[in-house]
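As they're listed, the protein sequences go chains A and S.
The numbering of the first sequence is numbering that gives the first Met the number 0, which starts it at 0 and goes up by one.
The numbering of the second sequence is numbering that gives the first Met the number 0, which starts it at 0 and goes up by one.
Yeah, the Cβ is synthetic: ideal placement off N, Cα and C, and Gly gets one too.
Just so it is clear, the structure is predicted and the values come from calculations on it, not from any experiment.
This report refers to the structure that appears directly beneath it.
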Amino acid sequence: MQVKEFKPLIVAFCCNWCSYAGADLAGNNRLNYPADVKIIRVPCSCRVNPMFILRAFQRGADGVIICGCHPGDCHYTSGNYYTRRRMATLFSMLDFLGIERERTRLEWVSAAEGAKFAATMNDFVEQVTALGENKRLEDLRCKR
Amino acid sequence: MQTITRQTLLDKAVSLLNSGAVTCVLGWKKGEFDYDITPAIFRSAEDLEANFVWNDFCGANFSKYLVAKTDRLDGKMLVFLKPCDTYSFNQLLTEHRFDREKVYAVGIPCEGMADIAKIKAITGDGISSIACDEKISVTTLYADAPVVIDSKDVLLERCENCKSKKHVAYDELLCEEGETIDSNRFDEVARLEAMTPDERFAFWQNELSRCIRCNACRDACPACTCEKCVFDNPKSGVENKAPANSFEEKLFHIIRAYHVAGRCTDCGECSRVCPQNIPLHLLNRKFIKDINEFYGEYQAGEEVGSRAPLVNYTQDDIEPGDVFNRGGDNNA
Ligand code: SF4
Ligand code: SF4
Ligand code: FES
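Below, the structure written as structure tokens:
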């Protein structure tokens, strides 16, 4: 039997104003990052609520990363400050339930940081690959 | 045993009702069994005399009932509040969930309420009647003599770790002003934090898989007052218990706890009403403990109008990635 190499599915929520543009820049500069990263564009990082993240895991994500403007630079002034509090408490709760803390991450990526975007994604994919498949937050009904 | 008597509460209620100061009373009455005392609205002195109950099983927190029950009320409603109930009362006022003018709040002392699960663990099933006096005496179908239990030995978890005997809201107080208590309520959370992730996962899998999704924890929670709840959406895929699938229960419990994070006063109603005895308070307390550690001590409901930590921020809050690098127990 042939063992298939594990390729994680990563969902990246990127805010429209900084991180999505950062991803664009990474593309324009021909910087490589794995195609397993699926970007979902959101108006602001604070648009992401905990349900989005759990839903992503439910539908088969192995890792979820949220990217937004650097603190102080949010297009809506303070959105990412709320994001920071929400994710700090949520990630800590996931950890409390025994779900691997390496599966979630929050990063600040500006529109000028194409290189940081690519590096972050490479690093995150590597980290999640090392963990393997998401078992603890999987939904059997959604298995393909 | 409770220090304040049923008669004192009854006299108070009857006199306020007769004087016209209030038009109805939110109190406790007997449920199907002696131990499932339920909230009830009384409109006459006769009804009160006949059915009003006050004993070691009056754990129900009335604050949430004010939202629905005072909505179209003419005049005022008398409500009896134990110290922990007053925190929920304030929190609901902060969120503008009921009209303070329509409520006459009477603060009453509480010596801690009994946990029927702990009583059943002693007496076994088949309880036919319970009498609360100085001690609790339990008559069962299978024993000849009643079993006599000291209420102090069978307190609800929330009462064992009572955080405050102080009433933070009232119009009238039927006891001395109490004090807040330095309880050990975060010890169990810390114990779990010190475990390995695998152990924690096993612990919660074991607890949460017992959930039958009756939604009682949500329904009883004074912070869960949304008119439309995410978990009532039939398209959500998590509106019922999903057979042979643990995702539903995890999603429900994470989101339920998260929705009240920063607003939960730690009143303990969720764990009290859970028919499966799932320690839901541990999820809420994890959030409270984290919030205290990350953003400074905060007690929801302590004062009306305070800004909940998750709808607030400072420019130099801790980064989620640094949460696990603080050292200490959490760094397992
Ligand atoms: S679980 Fe969430 S949506 Fe449902 S009532 Fe509670 S706070 Fe509202
Ligand atoms: S009260 Fe208990 S059994 Fe019912 S939904 Fe809540 S946790 Fe599940
Ligand atoms: S717009 Fe980028 S984080 Fe708010």
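Remark: the shortest separation between the CB of A/Gly67 and any heavy atom of ligand 3 falls under 7 Å. DSSP, reduced to helix, strand and coil, places A/Thr128 within a helical segment of the structure shown.
When secondary structure is reduced to three states using DSSP, S/Phe51 falls in the strand class. For A/Asn121, same chain residues with a beta-carbon under 6 Å away, outside a window of 5 residues either side, are Tyr32 in chain order. The residue from A/Pro42, A/Cys17, A/Ile64, A/Leu136 with its alpha-carbon nearest to that of A/Ile9 is A/Ile64. In chain order, Gly21, Leu24 place their CB closer than 8 Å to the CB of A/Ala111, counting only its own chain and leaving out the 5 sequence neighbours on each side. In the three-state DSSP reduction, A/Trp16 falls in the coil class, being neither helix nor strand.
Taking a C-beta distance under 8 Å as the contact criterion, S/Asp55 and S/Ala113 qualify as a contact pair. By the Cβ-count criterion, S/Glu176 is exposed, with fewer than 16 other Cβ atoms from all chains shown falling within 10 Å of its own Cβ. C-alpha of S/Asp73 to C-alpha of S/Ala20: approximately 12 Å in a straight line.
The Cβ-Cβ distance between S/Ser43 and S/Gly300 does not fall below 8 Å. Interface flag for S/Lys249 against chain A is set, since a Cβ pair is found closer than 8 Å. None of the residues of the segment 67 to 92 of chain S has a beta carbon lying less than 9 Å from any beta carbon of chain A.
Close partners of S/Ile317 in chain A (Cβ separation under 7 Å): Ala87.
Taking the CA atoms as reference points, S/Pro108 sits about 10 Å from S/Cys83. Given a length threshold of 4 residues, each whole run of the alpha helix (DSSP H) inside the segment 102 to 189 of chain S is given here in chain order: 115 to 122, 156 to 159.
If you check the CB distance, S/Ala59 and S/Thr85 do not come in under 8 Å. When DSSP states are grouped into helix, strand and coil, S/Leu25 belongs to the strand group.
With fewer than three CB-CB distances shorter than 8 Å, the segment 125 to 133 of chain S does not count as touching the segment 89 to 100 of chain S. Residue state for S/Phe200 is assigned as helix, using DSSP reduced to three classes. Taking 8 Å as the Cβ-Cβ cut-off, the segment 77 to 102 of chain A approaches chain S at Ser77, Tyr80, Tyr81, Arg83, Arg84, Arg85, Met86, Ala87, Thr88, Leu89, Phe90, Ser91, Met92, Leu93, Asp94, Phe95, Leu96, Gly97, Ile98, Glu99, Arg100, given in chain order. The beta carbon of S/Ser136 is closer than 8 Å to those of Ile129, Ala130, Pro145, Val146, Val147, Ile148 in its chain, skipping five residues each way along the sequence. Approximately 14 Å separates the beta-carbon atoms of A/Gly71 and A/Cys43; this is outside 8 Å, ruling out the contact. Apart from sequence neighbours up to five positions away, the residues of its chain that approach A/Glu101 with a beta-carbon distance below 6 Å are Gln126, Leu130, ordered along the chain. With the rule of 3 Cβ pairs closer than 8 Å, the segment 196 to 204 of chain S counts as touching the segment 81 to 97 of chain A.
Contact between the segment 76 to 89 of chain A and the segment 42 to 60 of chain A is present, with at least three C-beta pairs closer than 8 Å. For A/Thr103, same chain residues with a beta-carbon under 6 Å away, outside a window of 5 residues either side, are Val63, Phe90 in chain order. DSSP lists S/Gly26 as the beta-bridge partner residues of S/Ala39. Considering only beta carbons, the part of the segment 45 to 66 of chain A lying closer than 7 Å to chain S consists of Pro49, Met50, Leu53, Gln57, in chain order. Taking 8 Å as the cut-off, the Cβ atoms of S/Val78 and S/Leu140 do not count as close. Around the beta carbon of S/Gln1, a 10 Å sphere encloses 16 or more other beta carbons of the protein chains shown; the residue is thus reported as buried.
Restricting attention to S/Asn160, S/Arg190, S/Thr224, S/Val167, the CA atom closest to the CA of S/Asp181 is found in S/Asn160.
For A/His74, the distance from the CB to the nearest heavy atom of ligand 3 is below 7 Å. The beta carbon of A/Lys6 is closer than 8 Å to those of Pro33, Asp35, Thr128 in its chain, skipping five residues each way along the sequence. The continuous beta strand (DSSP E) containing S/Met76 extends over residues 76 to 80.
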